[in-house]
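What follows is a short report on a single structure.
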Amino acid sequence: MTAHKIENIRNFSIVAHIDHGKSTLADRLIQETGTLAAREMVEQVLDSMDIERERGITIKAQTVRLNYTARDGKDYVLNLMDTPGHVDFAYEVSRSLKACEGSLLVVDASQGVEAQTLANVYQAIDAGHEIVPVLNKIDLPAAEPDRIKEQIEEVIGLDASEAVLISAKTGIGIPDVLEAIVNRLPPPSGDEKAPLKALLVDSWYDAYLGVVVLVRIFDGTLKKGQKIKMMATDAHYEVDKIGVFRPKMQDVAALGPGEVGFITAQIKQVADTRVGDTITDDKKPTAEALPGFKPAQPVVFCGLFPVDAADFEDLRAAIGKLRLNDASFSYEMETSAALGFGFRCGFLGLLHLEIIQERLQREFDLDLIATAPSVIYKITLTNGDEIELHNPADMPDVVKIDEIKEPWIRATILTPDDYLGSVLKLCQDRRGVQVDLNYVGKRAMAVYDLPLNEVVFDFYDRLKSISKGYASFDYQLTDYRAGDLVKMSILVNSEPVDALSMLVHRTRAEGRGRQMCEKLKELIPPHMFQVPIQAALGGKIIARETVRAFRKDVTAKCYGGDVTRKRKLLEKQKEGKKKMRQFGRVEIPQEAFIAALKMEE
């Protein structure tokens with residue numbers, strides 16, 4: 003199989019809001035081009051992880067090569083990248099877009115443009131893509147293609163007069179999509195004679211092949227047995243296997259300019275294959291590296307600890323393996339008085355955190371406790387030093403702090419008019435500052451500046467519930483601003499529980515503290531002695547609840563007689579309880595931790 007003519011190659015990705023039908027469209031394209039036989043087809047064929055199938059979302063961007071014979075009789079090679087739509091995986095999207103020249107923008111013909119549609123399409127435009135609008139779900143009775151075309155022109159400013167109308171579910175219009183890809187998206191450019199220059203798009207660990215590297219060739223050719231060099235890590239390897247995904251791996255002899263495929267080269271550590279690195283020939287390297295990607299900035303941090311301290315080594319190995327597969331996830335070791343040894347992990351958002359946690363529990367069979375999610379704060383000390391705070395438990399003494407800055411985000415929320423009032427109230431409650439409010443067709447688009455630590459708790463869930471699931475939400479980090487933040491500690495039986503301490507805004511501290519205490523009161527089982535639960539700011543207690551003690555009736559054996567006998571026994575019991583409380587340890591069950599960290603309003 004020879005390398006293909008460059009003008010007959012098309013590299014494209016599919017971008018859209020969550021649930022607008024990207025993965026279903028990918029299925030239909032795979033079917034239409036006969037890439038998989040009918041018996042091999044499953045729904046969402048590119049979502050290979052169990053967790054993706056269960057939740058019906060795409061987490062990892064996947065690639066597949068399709069062979070297509072156009073109506074003009076030419077044979078084309080189409081490289082499709084199916085990308086996630088959720089805001090937490092925007093990093094996956096940005097990487098896939100760098101490897102393509104064009105995008106299909108899929109918009110639901112009944113729902114129209116959503117927040118994530120905008121975010122993803124702007125990323126594609128920034129990557130210099132040619133964009134073909136595709137209106138999906140035109141078979142639904144609620145579809146209004148003409149109105150949505152106007153909306154695309156109005157909101158995004160793309161010419162939608164030639165948008166392709168399809169129904170990915172029933173297969174209407176799929177041949178038109180293939181024709182549009184061939185005729186309206188540009189072929190890649192590249193020079194076969196130049197030294198090899200390839201972009202490392204993704205890498206993951208395979209138990210049989212070692213590290214598999216997904217590459218997009220820009221110049222030169224990549225052959226089997228060739229000696230290559232990674233420019234960022236300066237590592238040298240020999241290619242042993244080279245191939246393409248049709249979604250199954252298929253070996254080829256070489257990859258030429260513009261092609262997307264994978265290589266394996268007996269690489270042991272995924273750490274050696276940095277996403278965004280440039281791969282070049284060992285003997286005649288290319289002059290300058292490709293620009294690569296900005297490293298992913300973790301936004302939310304939380305501690306992960308094994309329930310059983312003996313599992314720590316397993317957890318370390320599991321996190322290491324997962325990091326291989328997901329470059330946007332970072333971790334460092336930490337210890338906690340209540341929970342022992344564990345890791346402080348950084349994530350791109352709450353969904354990302356949930357998915358990683360679930361993957362660790364499923365794929366590696368671990369029992370984990372996660373601490374409250376927190377964001378990075380920048381603290382200026384009185385001596386002028388600036389430090390970053392990832393874990394509220396490490397906060398320096400209040401006397402030494404000059405000011406605390408917290409991260410703020412710029413959030414774009416699209417919501418139907420009926421729910422606008424409650425959405426604005428939610429943003430106001432979360433200390434939001436309104437930047438802009440206007441209308442996009444029948445829907446309101448509110449732009450707010452919000453402190454990130456108010457968003458990471460449960461903002462997304464609250465937004466979905468007050469808008470009955472209709473509002474959509476997208477955000478990016480803007481800057482750090484000083485705020486009146488205080489550290490709230492939770493004391494159980496007068497002992498601080500470091501895993502539950504958090505930084506809150508002074509105005510919200512009392513409410514948060516009271517909630518936390520009430521919640522723990524329900525969750526901590528009764529002991530033989532009274533257990534006080536308190537929330538404190540420094541030395542000042544702001545909320546308290548008490549878990550009642552078990553009571554044994556010590557006077558049961560006294561029939562009648564003098565009251566002093568009963569009193570003597572009750573006094574003795576009281577002394578015993580006091581002593582127990584002094585030396586007793588309060589067991590906080592695992593569920594209590596997890597439930598306490600999920601705060602509801």
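In my numbering, each number is its position in the sequence shown, counted from 1, plus 2.
Don't be surprised by glycine CBs; every beta carbon is placed ideally from N, CA and C.
Gln359 sits away from Ala374, with the two beta carbons spaced by 8 angstroms or more. Nearest to Ser163 by C-alpha distance, out of Ile32, Val377, Val400 and Ile154, is Ile154. The C-beta distance from Cys304 to Leu355 rounds to 6 angstroms, short enough to fall under 8 angstroms.
Rounded to the nearest whole angstrom, the CA to CA distance from Ala165 to Pro409 is 39 angstroms.
In this structure Val301 is in contact with Leu479, their Cβ atoms being roughly 7 angstroms apart against a cut-off of 8 angstroms. Remark: C-beta atoms of Ala200 and Thr280 approach each other more closely than 8 angstroms. For Asn185, the number of other beta carbons within 10 angstroms of its own is below 16, and it is reported as exposed.
Listed as beta-bridge partners of Lys286 by DSSP are no residues whatsoever. Proximity of the segment 415 to 422 to the segment 481 to 488 falls short of the contact definition, fewer than three beta-carbon pairs being nearer than 8 angstroms.
Looking at the backbone, the Cα of Asp367 and that of Gln268 are separated by about 28 angstroms. Ranked by how close their Cα comes to the Cα of Gly263, the residues Arg433, Val215, Thr71 and Leu27 have Val215 in first place. The closest CA to that of Cys560, considering only Leu571, Ala551 and Ala145, is found on Leu571.
The residue from Tyr210, Ile411, Gly227 and Glu547 with its alpha-carbon nearest to that of Asp283 is Gly227. Classified as exposed, Ile389 has fewer than 16 neighbouring CB atoms from the shown chains inside 10 Å of its CB. If you draw a straight line from the Cα of Pro394 to the Cα of Gly541, it is about 16 angstroms long. In the DSSP annotation of this structure, the continuous segment of the beta strand (DSSP E) that includes Pro534 starts and ends at Val533 to Leu539.
Counting along the chain, Thr557 sits inside no beta strand (DSSP E), nor does DSSP assign it H or E at all. Ser474 and Leu224 have their C-alpha atoms roughly 43 angstroms apart. The beta carbons of Cys519 and Gln536 sit about 7 angstroms from each other, so the pair counts as a contact at 8 angstroms. Closest by C-alpha distance to Lys195, out of Ile176, Asp204 and Phe220, is Phe220. Within its own chain, the residues whose Cβ lies closer than 7 angstroms to the Cβ of Asp193, once the five positions on either side in sequence are excluded, are Asp221 and Pro259, listed in chain order.
In the structure shown, Asn81 adopts extended strand secondary structure according to DSSP, grouped into three states. Here Lys243 really is in contact with Ile265; their C-beta atoms are around 7 angstroms apart, less than 8 angstroms.
Comparing alpha-carbon positions, the option among Gln118, Leu80 and Leu68 lying closest to Asp21 turns out to be Gln118. Rounded to whole angstroms, the gap between the alpha carbons of Gly245 and Leu82 is 15 angstroms. Straight-line measurement puts the Cα of Lys323 at about 10 angstroms from the Cα of Asp208. Taking a contact as a CB-CB distance under 8 angstroms, the pair Val449 and Ile411 does not count as one, their CB atoms being some 11 angstroms apart. If you draw a straight line from the Cα of Phe314 to the Cα of Gly351, it is about 25 angstroms long.
The shortest CA-to-CA distance from Leu120 to any of Asp476, Thr288, Ala320 and Gly515 is the one to Asp476. Sequence-distant Cβ neighbours of Lys579 in its own chain, meaning closer than 8 angstroms and more than five residues away, are Met530, Phe531, Gln532 and Ala551. DSSP, reduced to helix, strand and coil, places Met518 within a helical segment of the structure shown.
Counting along the chain, the unbroken alpha helix (DSSP H) around Asp29 starts and ends at Lys24 to Glu34. Runs of the beta strand (DSSP E) spanning 3 or more residues and lying entirely within the segment 382 to 455 occur at 388 to 391, 403 to 418, 435 to 442 and 445 to 453, in chain order.
Approximately 12 angstroms separates the beta-carbon atoms of Ile140 and Ile176; this is outside 8 angstroms, ruling out the contact. Counting along the chain, the unbroken beta strand (DSSP E) around Val302 starts and ends at Val302 to Pro308.
Judged by DSSP secondary structure, His238 falls within the beta strand (DSSP E) whose first and last residues are Ala237 to Glu240.
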